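Here's what the structure looks like:
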């Protein structure tokens with residue numbers, strides 16, 4: 028056994044694997060040919076309480092290659108269902124990923140370790156159980172980028188490439204990703220049990236989630252209704268953060284919705300470049316169901332599907348369906364208020380507005396309209412505003428926002444609004460630079476890292492990009508290219524296999 032794995036057996040407490048047997052299937056990972064470790068996230072290592080170099084490269088490679096589990100792991104494939112593009116699909120589950128175990132960090136936190144690309148499971152349907160390099164690197168980078176931005180997200184501990192060839196739109200290199208999250212329970216887990224009529228199983232899952240994440244809710248008249256309210260609040264917080272940073276998930280099916288409000292199952296996602304409320308990077312979503320502007324309403328729709336799944340248990344707790352419907356409706360009504368509140372807080376911070384004023388929503392709305400009309404880069408504009416002293420706009424701000432009458436009018440209003448703040452200008456600039464990133468995971472940057480590995484097995488670009496994204500607010504020497512707008516013709520549309 029790798030010396031770096033000593034004591035690991037005692038660090039796993041796999042509680043989901045102790046739930047009823049029909050919740051999952053035990054499956055061993057499929058060994059992959061020629062696995063090569065590409066990168067390990069220092070930030071995620073620290074989150075788990077692990078030191079750099081422990082486990083070592085060999086232990087990571089063997090795990091991601093499906094050849095050797097770490098002591099204490101008990102891999103399972105979870106069963107769930109969900110609504111995909113508004114249509115219920117009963118035939119879902121972990122089709123290429125395995126929940127390896129639940130890790131106990133030294134600080135008391137618990138984290139699932141999940142291997143994506145682990146092989147065929149009983150829930151694979153007609154899929155091959157593989158993950159490709161392209162999608163694995165994108166999720167690895169996005170997870171760490173979102174965490175650094177303060178957006179609720181699953182994390183990624185490590186990523187590896189192998190010598191398997193996988194057919195998607197083209198033949199691509201195979202890969203595996205080690206994902207980390209406090210829970211892998213999705214809205215779709217509850218939908219499966221509720222719509223399948225498994226009342227005892229649904230009660231077991233609810234109790235498991237409450238005991239794991241919200242034990243303080245046990246004293247409520249309806250712990251399940253209180254749990255739902257927590258899920259509503261967490262989902263509103265997550266989507267408010269998405270909107271604030273111009274992130275578009277691309278495939279907000281209910282089986283991709285985390286019960287903890289974590290950004291989950293990265294697929295055809297992208298960050299805005301030129302601001303466009305209708306932007307949707309998923310080229311298979313022709314109707315724009317999951318576009319940037321629709322994400323808040325889709326979040327509510329998905330929560331409504333979860334509410335339907337929880338109606339029975341809440342009715343039992345409250346002694347009737349009418350009271351249960353009232354409790355669920357109240358929580359859903361609070362969703363919009365919570366989302367707007369958190370979005371407003373984040374956007375005021377991005378604009379350097381410490382005090383809340385009645386005209387702030389209009390100022391923000393007009394700013395976004397200005398960006399849309401001018402096809403302005405979403406991220407560069409905020410960063411340029413952070414360095415503006417309120418005098419004549421400099422070259423950087425004019426380049427980002429334009430120099431027309433509309434931009435000059437808005438800047439005059441913004442300058443007046445800043446005049447109502449009480450903190451010093453220098454403090455404002457520092458605060459704005461702490462929430463407006465220089466480095467964002469733009470699609471062309473991820474593609475450059477992918478191509479470097481595909482064509483020459485070079486991981487230097489991946490490591491440089493990951494380092495920038497892990498410290499997105501701080502200028503780094505020689506990283507100017509990572510802080511620029513994308514070149515003309517850069518890719519913006521992706522498929523679900525991404």
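In the working numbering, the protein residues as written are 28 to 525.
Cβ atoms here follow ideal geometry from the backbone N, Cα and C, with glycine treated the same way.
Quick caveat: nothing in here was measured; it's all calculated off a predicted structure.
Secondary structure of residue 328 (DSSP, three-state): helix.
Closest in C-alpha terms to residue 209, from the list 140, 338, 55, 89, comes 140.
By DSSP's assignment, residue 182 forms a beta bridge with 207. The C-beta separation of residue 199 from residue 160 comes to about 6 Å, placing the pair in contact by the 8 Å criterion. The DSSP-derived three-state label of residue 502 is coil. Under the DSSP assignment, residue 67 falls in the beta strand (DSSP E) whose first and last residues are 63 to 67. Each residue's CA atom was taken as its position, placing residue 214 and residue 298 some 24 Å apart.
Counting only runs of 3+ residues, no beta strand (DSSP E) is found wholly inside the region 271 to 357. DSSP places residue 139 in the strand class (E or B) of the three-state scheme. In the three-state DSSP reduction, residue 109 falls in the strand class (E or B). Around the Cβ of residue 153, a 10 Å sphere holds fewer than 16 other Cβ atoms; the residue is exposed.
Each of 133, 131, 311, 104 was checked against the Cα of residue 119, and the nearest Cα belongs to 104. Distance between residue 274 and residue 91, taken at the CA atoms: about 29 Å. Contact between residue 127 and residue 142 holds: CB atoms are separated by about 6 Å, below the 8 Å threshold. Contact between residue 497 and residue 70 holds, with the beta-carbon distance rounding to 6 Å and staying under 8 Å. In this chain, the alpha helix (DSSP H) harbouring residue 392 covers 387 to 401. Counting of Cβ neighbours within 10 angstroms places residue 449 among the exposed residues, the total staying below 16.
Residue 404 counts as buried, since at least 16 other C-beta atoms from the protein chains shown sit within 10 angstroms of its C-beta.
When the Cα atoms are used, residue 31 and residue 84 turn out to be separated by approximately 10 Å.
The alpha helix (DSSP H) runs of length 4 or more contained entirely in the region 141 to 202 are, from start to end of the chain, 160 to 176.
Residue 202 and residue 506 have their C-alpha atoms spaced approximately 27 Å apart.
In this structure, the beta-carbon distance from residue 424 to residue 439 does not fall below 8 Å. Bounds of any beta strand (DSSP E) do not take in residue 228; it lies within the alpha helix (DSSP H) bounded by 226 to 240. CA-CA distance, residue 330 to residue 258, rounds to 8 Å. Taking 8 Å as the cut-off, the Cβ atoms of residue 132 and residue 76 count as close.
If you draw a straight line from the Cα of residue 185 to the Cα of residue 379, it is about 36 Å long. Under the three-state reduction of DSSP, residue 76 is assigned to coil, being neither helix nor strand. Straight-line spacing of the CA atoms in residue 106 and residue 50 works out to 6 Å. Remark: fewer than three beta-carbon pairs, one from each stretch, lie closer than 8 Å, so the region 286 to 293 and the region 349 to 360 are not flagged as touching. Out of 285, 243, 500, the CA that lies nearest to the CA of residue 333 is found in 285.
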